[in-house]
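Colleague: Position 27 (the sequence shown) corresponds to 77 in the working numbering; numbering is contiguous. To start, I am sharing the structure in question, which I have written as structure tokens.
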Amino acid sequence: MGLRTFLAGIFGGDAGKRALQIRRSSKILALPDRKMLADVYIPALAAEGGSILWVGCRAYTAGDYERLEAGGGETWTSDIDPGAERWGRAGRHRTGDVCAAHAIFADKVFDAIVCNGVLGFGVDAPEQQRRALEALAHILRPGGRLLLGWNVDKIEDPIAAGFAEPWFSPEPFAGQPSRVTFAETTHVYDSLVRRPLSS
Numbered sequence: 051m052g053l054r055t056f057l058a059g060i061f062g063g064d065a066g067k068r069a070l071q072i073r074r075s076s077k078i079l080a081l082p083d084r085k086m087l088a089d090v091y092i093p094a095l096a097a098e099g100g101s102i103l104w105v106g107c108r109a110y111t112a113g114d115y116e117r118l119e120a121g122g123g124e125t126w127t128s129d130i131d132p133g134a135e136r137w138g139r140a141g142r143h144r145t146g147d148v149c150a151a152h153a154i155f156a157d158k159v160f161d162a163i164v165c166n167g168v169l170g171f172g173v174d175a176p177e178q179q180r181r182a183l184e185a186l187a188h189i190l191r192p193g194g195r196l197l198l199g200w201n202v203d204k205i206e207d208p209i210a211a212g213f214a215e216p217w218f219s220p221e222p223f224a225g226q227p228s229r230v231t232f233a234e235t236t237h238v239y240d241s242l243v244r245r246p247l248s249s
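In structure tokens:
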């Protein structure tokens, strides 16, 4: 008997699914890269405030939005999966492909964007990654921050491949270098800043 069947038998179908979801979320939140996001990057983004877009919503991200708003900022969320709206920011969520973020948020300009676990998890092909970064550049103000999280076992290095050119420059953030890697996981964080618009 699998764990899902066991939990469903004990808690009922929906309750069993929720228990399994909580267990998965707890494992993810315990990873060193998620701890750095929670303990370092989110407080630093919150301190800067402004309008923040979070791309890629799951049960384990739902608690992050209020923390991002601790400094008076406003968080928006987006995901390609219509079902992910339940994990997005209530009243400020839009469904769509990150490669078309400039169309989804045509009426918005953000001060910061967190795009974590999207490249390599649906945005896989090199051209998709380039289009996603270009679309995000169009809705991020010059000087605004992009925190990009990806995994070396899922995709090739999008920064080394030049997919962030000509829109972004690497820049240290929150007391961390512009690129942070982890010995225990395959995750990478790249901290980027939107370059000034060409005249």
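We treat Cβ as the ideally placed atom computed from N, Cα and C, and that holds for glycine. If you're wondering where the values come from, they're calculated on a predicted model, not measured in any experiment.
Which value, in whole angstroms, describes the spacing of the CA atoms of residue 59 and residue 174?
Modeller: Model confidence at residue 59 stands at a pLDDT of 45, short of 50, so the residue's coordinates are unreliable and nothing is read from them.
Colleague: In this structure, how does DSSP classify residue 90 when only helix, strand and coil are distinguished?
Modeller: If DSSP states are grouped into helix, strand and coil, residue 90 belongs with the helices.
Colleague: Within its chain, find whatever has a CB closer than 6 Å to the CB of residue 51; leave out the 5 residues flanking it on each side and keep chain order.
Modeller: Its pLDDT being 48, under 50, residue 51 is placed unreliably by the model, and nothing is read from it.
Colleague: Between the segment 112-131 and the segment 193-203, do three or more beta carbon pairs fall short of 8 Å?
Modeller: No, the segment 112-131 does not touch the segment 193-203.
Colleague: In its own chain, which residues sit with a C-beta less than 7 Å from the C-beta of residue 138, not counting the 5 before and 5 after it?
Modeller: Answer for residue 138: 107, 127 and 129, listed in chain order.
Colleague: In angstroms with no decimal places, state the Cα-to-Cα distance between residue 119 and residue 141.
Modeller: Distance between the alpha carbons of residue 119 and residue 141: 14 Å.
Colleague: Please classify residue 236 as buried or exposed, where buried requires at least 16 neighbouring CB atoms within 10 angstroms.
Modeller: When all chains shown are included, residue 236 counts as exposed.
Colleague: Rounded to whole angstroms, what is the Cα-Cα separation between residue 225 and residue 182?
Modeller: Cα to Cα, residue 225 sits roughly 27 Å from residue 182.
Colleague: Just verifying my parser: in three-state terms, what is the DSSP assignment at residue 59?
Modeller: Annotation note: pLDDT 45 at residue 59 (below 50); position unreliable, coordinate value reported separately. Helix, per DSSP.
Colleague: Based on the DSSP output, what are the partners of residue 239 in its beta bridges?
Modeller: Note: residue 239 sits in a beta bridge opposite 199 and 230.
Colleague: DSSP three-state call for residue 123: helix, strand or coil?
Modeller: Correct three-state label for residue 123: coil.
Colleague: So, at 7 Å on beta carbons, what are the nonlocal neighbours of residue 150 in its own chain, with the 5 sequence-adjacent residues on each side left out?
Modeller: So the list reads 185, once near-sequence residues are dropped.
Colleague: Rounded to the nearest angstrom, what separates residue 147 and residue 125 at their Cα positions?
Modeller: So the alpha carbons of these two residues sit roughly 18 Å apart.
Colleague: Could you spell out the range, first to last residue, of the alpha helix (DSSP H) harbouring residue 108?
Modeller: Counting along the chain, residue 108 falls outside any alpha helix (DSSP H), and DSSP gives it neither H nor E.
Colleague: Terminal residues of the continuous beta strand (DSSP E) containing residue 142?
Modeller: From DSSP, residue 142 is part of no beta strand (DSSP E); its letter is neither H nor E.
Colleague: So, at 6 Å on beta carbons, what are the nonlocal neighbours of residue 121 in its own chain, with the 5 sequence-adjacent residues on each side left out?
Modeller: Here the set comprises 96, 97 and 99.
Colleague: Label residue 240 either buried or exposed according to how many other C-beta atoms from any shown protein chain fall within 10 Å of its C-beta, with 16 as the threshold for buried.
Modeller: Buried, since its Cβ has 16 or more Cβ neighbours within 10 Å.
Colleague: Can you tell me whether residue 219 is buried or exposed, with buried defined as 16 or more other CB within 10 angstroms of its CB?
Modeller: Exposed is the call here.
Colleague: Report the CB separation of residue 197 from residue 221 in whole angstroms; it is logged as a contact under 8 Å.
Modeller: About 11 Å; that fails the 8 Å criterion.
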